[in-house]
Amino acid sequence: MLTQDYSADKLVEFIDRAGNKGWIPKATISVMKSNSKRVLWSLDPLEREDVRTVDVEAAMRRFANLNPEVSPKSLRDYRSRLEKSLSLFIGYTDDPVAFQMPKARGEGKSVVTKSVTANRKSAMRPENRVTHNHVSRVLPPSPSAPSGLEYEFPLRPDLIVRVVNLPRDLKQAEAKRLAAFLHSIAEDFTP
(Lines of atoms letter the chains of each structure in order from A and count residues from 1; the text may use other names and numbers.)
(Lines give C-alpha, C1' and ligand atoms only; values in the text may rest on other atoms or scores of the structure.)
Protein backbone atom coordinates (compact mmCIF):
# COMPACT_ATOMS: atom_id res chain seq x y z
CA MET A 1 0.00 0.00 0.00
CA LEU A 2 1.34 3.43 -0.93
CA THR A 3 1.80 5.95 1.82
CA GLN A 4 0.80 9.50 1.09
CA ASP A 5 3.51 12.16 1.02
CA TYR A 6 2.41 15.31 2.84
CA SER A 7 5.72 17.15 2.38
CA ALA A 8 5.97 20.83 1.46
CA ASP A 9 7.56 19.78 -1.85
CA LYS A 10 4.45 17.72 -2.68
CA LEU A 11 2.25 20.66 -1.69
CA VAL A 12 4.05 22.82 -4.27
CA GLU A 13 3.61 20.04 -6.88
CA PHE A 14 -0.11 19.91 -6.01
CA ILE A 15 -0.46 23.68 -6.50
CA ASP A 16 1.20 23.34 -9.93
CA ARG A 17 -1.12 20.43 -10.79
CA ALA A 18 -4.17 22.46 -9.72
CA GLY A 19 -3.07 25.22 -12.09
CA ASN A 20 -2.35 22.85 -14.98
CA LYS A 21 -5.74 21.14 -14.54
CA GLY A 22 -7.54 24.48 -14.45
CA TRP A 23 -8.88 23.86 -10.95
CA ILE A 24 -7.66 27.27 -9.82
CA PRO A 25 -7.00 30.37 -11.97
CA LYS A 26 -3.36 30.76 -13.04
CA ALA A 27 -2.99 34.15 -11.31
CA THR A 28 -4.21 32.64 -8.04
CA ILE A 29 -1.87 29.68 -8.45
CA SER A 30 1.11 31.99 -8.83
CA VAL A 31 0.54 33.90 -5.59
CA MET A 32 -0.64 30.80 -3.69
CA LYS A 33 2.53 28.95 -4.63
CA SER A 34 4.83 31.88 -3.96
CA ASN A 35 3.26 32.70 -0.58
CA SER A 36 3.15 29.07 0.57
CA LYS A 37 6.78 28.50 -0.40
CA ARG A 38 8.00 31.67 1.31
CA VAL A 39 6.28 30.79 4.59
CA LEU A 40 7.02 27.05 4.54
CA TRP A 41 10.65 27.55 3.54
CA SER A 42 11.11 29.72 6.62
CA LEU A 43 10.62 26.48 8.60
CA ASP A 44 13.28 23.88 9.28
CA PRO A 45 13.53 21.03 6.72
CA LEU A 46 12.19 18.51 9.24
CA GLU A 47 9.13 20.70 9.83
CA ARG A 48 8.43 20.67 6.08
CA GLU A 49 8.30 16.86 5.88
CA ASP A 50 4.62 16.70 6.92
CA VAL A 51 2.61 19.89 6.41
CA ARG A 52 -0.30 18.42 8.39
CA THR A 53 1.75 19.14 11.52
CA VAL A 54 2.52 22.75 10.64
CA ASP A 55 1.35 25.19 13.30
CA VAL A 56 0.21 27.98 10.97
CA GLU A 57 0.19 30.58 13.74
CA ALA A 58 3.78 29.76 14.75
CA ALA A 59 4.90 29.56 11.11
CA MET A 60 3.44 32.99 10.39
CA ARG A 61 5.05 34.44 13.51
CA ARG A 62 8.43 33.06 12.44
CA PHE A 63 7.94 34.29 8.86
CA ALA A 64 7.02 37.78 10.14
CA ASN A 65 10.12 37.85 12.36
CA LEU A 66 12.34 36.86 9.43
CA ASN A 67 10.64 39.32 7.05
CA PRO A 68 9.92 42.51 9.03
CA GLU A 69 9.36 44.45 5.80
CA VAL A 70 6.13 42.49 5.12
CA SER A 71 3.11 44.58 6.16
CA PRO A 72 0.40 43.26 8.53
CA LYS A 73 -2.11 43.21 5.66
CA SER A 74 0.28 41.18 3.51
CA LEU A 75 0.86 38.80 6.42
CA ARG A 76 -2.90 38.22 6.62
CA ASP A 77 -2.93 37.50 2.87
CA TYR A 78 0.02 35.11 3.22
CA ARG A 79 -1.73 33.31 6.06
CA SER A 80 -5.00 33.01 4.15
CA ARG A 81 -3.27 31.63 1.05
CA LEU A 82 -1.18 29.21 3.10
CA GLU A 83 -4.25 27.92 4.95
CA LYS A 84 -6.11 27.50 1.65
CA SER A 85 -3.14 25.68 0.08
CA LEU A 86 -2.78 23.37 3.08
CA SER A 87 -6.50 22.63 3.19
CA LEU A 88 -6.74 21.80 -0.52
CA PHE A 89 -3.51 19.77 -0.56
CA ILE A 90 -4.38 17.73 2.53
CA GLY A 91 -7.91 17.08 1.22
CA TYR A 92 -6.54 15.94 -2.13
CA THR A 93 -3.75 13.81 -0.64
CA ASP A 94 -6.11 12.17 1.87
CA ASP A 95 -8.41 10.94 -0.91
CA PRO A 96 -7.61 11.99 -4.51
CA VAL A 97 -10.59 10.06 -5.90
CA ALA A 98 -13.22 11.77 -3.74
CA PHE A 99 -11.54 15.18 -3.78
CA GLN A 100 -13.49 18.06 -5.27
CA MET A 101 -12.34 21.64 -5.55
CA PRO A 102 -14.61 23.98 -3.60
CA LYS A 103 -16.81 26.22 -5.70
CA ALA A 104 -15.85 29.85 -6.06
CA ARG A 105 -17.72 32.35 -3.90
CA GLY A 106 -21.13 33.13 -5.25
CA GLU A 107 -21.04 30.09 -7.52
CA GLY A 108 -24.02 27.95 -6.58
CA LYS A 109 -24.44 26.82 -2.99
CA SER A 110 -21.76 26.44 -0.38
CA VAL A 111 -21.58 23.59 2.07
CA VAL A 112 -20.67 24.45 5.65
CA THR A 113 -19.10 21.06 6.40
CA LYS A 114 -17.86 18.25 4.16
CA SER A 115 -17.69 14.58 4.98
CA VAL A 116 -16.23 12.01 2.60
CA THR A 117 -17.95 8.64 2.71
CA ALA A 118 -17.59 5.36 0.82
CA ASN A 119 -20.72 5.97 -1.22
CA ARG A 120 -19.76 9.17 -3.05
CA LYS A 121 -22.97 9.56 -5.04
CA SER A 122 -25.11 9.29 -1.93
CA ALA A 123 -22.78 11.51 0.04
CA MET A 124 -23.03 14.27 -2.55
CA ARG A 125 -26.76 14.74 -1.89
CA PRO A 126 -27.19 17.44 0.81
CA GLU A 127 -29.86 15.46 2.66
CA ASN A 128 -27.37 12.62 3.21
CA ARG A 129 -24.45 14.64 4.54
CA VAL A 130 -24.12 13.52 8.15
CA THR A 131 -21.38 14.77 10.41
CA HIS A 132 -21.14 14.27 14.18
CA ASN A 133 -24.77 13.11 14.28
CA HIS A 134 -25.86 16.42 12.77
CA VAL A 135 -27.00 16.91 9.22
CA SER A 136 -24.93 19.55 7.47
CA ARG A 137 -27.03 22.28 5.96
CA VAL A 138 -26.59 23.60 2.46
CA LEU A 139 -26.81 27.35 2.78
CA PRO A 140 -27.78 29.72 0.01
CA PRO A 141 -25.12 32.25 -0.87
CA SER A 142 -25.35 35.35 1.30
CA PRO A 143 -26.71 38.47 -0.40
CA SER A 144 -23.55 40.36 0.48
CA ALA A 145 -20.06 39.08 1.17
CA PRO A 146 -19.36 38.72 4.90
CA SER A 147 -17.14 41.41 6.29
CA GLY A 148 -15.36 39.04 8.69
CA LEU A 149 -12.60 36.51 8.25
CA GLU A 150 -13.13 32.98 6.97
CA TYR A 151 -11.06 29.95 7.97
CA GLU A 152 -11.11 26.29 7.05
CA PHE A 153 -10.22 24.03 9.97
CA PRO A 154 -9.32 20.35 9.45
CA LEU A 155 -11.30 18.96 12.41
CA ARG A 156 -10.81 15.32 11.44
CA PRO A 157 -8.91 13.59 8.61
CA ASP A 158 -12.15 13.41 6.58
CA LEU A 159 -13.80 16.63 7.76
CA ILE A 160 -13.00 20.26 7.11
CA VAL A 161 -15.13 22.82 8.94
CA ARG A 162 -15.50 26.37 7.67
CA VAL A 163 -15.65 29.13 10.26
CA VAL A 164 -17.04 32.26 8.64
CA ASN A 165 -17.59 35.89 9.52
CA LEU A 166 -15.16 36.12 12.45
CA PRO A 167 -14.40 39.72 13.34
CA ARG A 168 -11.07 40.89 12.01
CA ASP A 169 -10.24 42.19 15.49
CA LEU A 170 -11.37 39.07 17.40
CA LYS A 171 -10.62 39.47 21.10
CA GLN A 172 -9.50 36.66 23.43
CA ALA A 173 -12.67 37.03 25.52
CA GLU A 174 -14.77 36.51 22.38
CA ALA A 175 -12.66 33.52 21.33
CA LYS A 176 -13.16 32.00 24.80
CA ARG A 177 -16.94 32.52 24.53
CA LEU A 178 -16.94 30.86 21.11
CA ALA A 179 -14.86 27.95 22.43
CA ALA A 180 -17.23 27.56 25.40
CA PHE A 181 -20.20 27.50 23.04
CA LEU A 182 -18.59 24.81 20.86
CA HIS A 183 -17.73 22.84 23.99
CA SER A 184 -21.38 22.99 25.11
CA ILE A 185 -22.74 21.54 21.86
CA ALA A 186 -20.32 18.60 21.77
CA GLU A 187 -22.03 15.22 21.75
CA ASP A 188 -20.07 14.07 24.81
CA PHE A 189 -20.46 17.35 26.74
CA THR A 190 -20.42 17.10 30.53
CA PRO A 191 -21.14 20.32 32.46
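Taking my numbering, the leading residue of the sequence shown gets 230, the next gets one more, and so forth. We put the CB at the ideal spot given by N, CA and C, even for glycine.
E381 has its alpha-carbon roughly 7 Å from the corresponding atom of E312. Remark: C-beta atoms of P383 and S309 do not approach each other more closely than 8 Å.
It is roughly 31 Å from the alpha-carbon of V390 to the alpha-carbon of N296. Runs of the alpha helix (DSSP H) spanning 4 or more residues and lying entirely within the region 234-288 occur at 237-249 and 255-269, in chain order.
Setting aside the 5 residues that flank it on each side, K255 is surrounded in the same chain by G248, each with a C-beta closer than 6 Å to its C-beta; the list follows chain order. In the three-state reduction of the DSSP assignment, I414 falls in the coil class. Between the region 275-294 and the region 324-332, the count of Cβ pairs shorter than 8 Å is below three; the stretches do not touch. R391 sits in a strand when the DSSP states are folded into three classes.
Membership of P301 in the alpha helix (DSSP H) is indicated by the continuous run P301 to D323. Straight-line measurement puts the Cα of L240 at about 13 Å from the Cα of R267.
In the DSSP assignment, L378 falls within the beta strand (DSSP E) that extends over L378 to R385.
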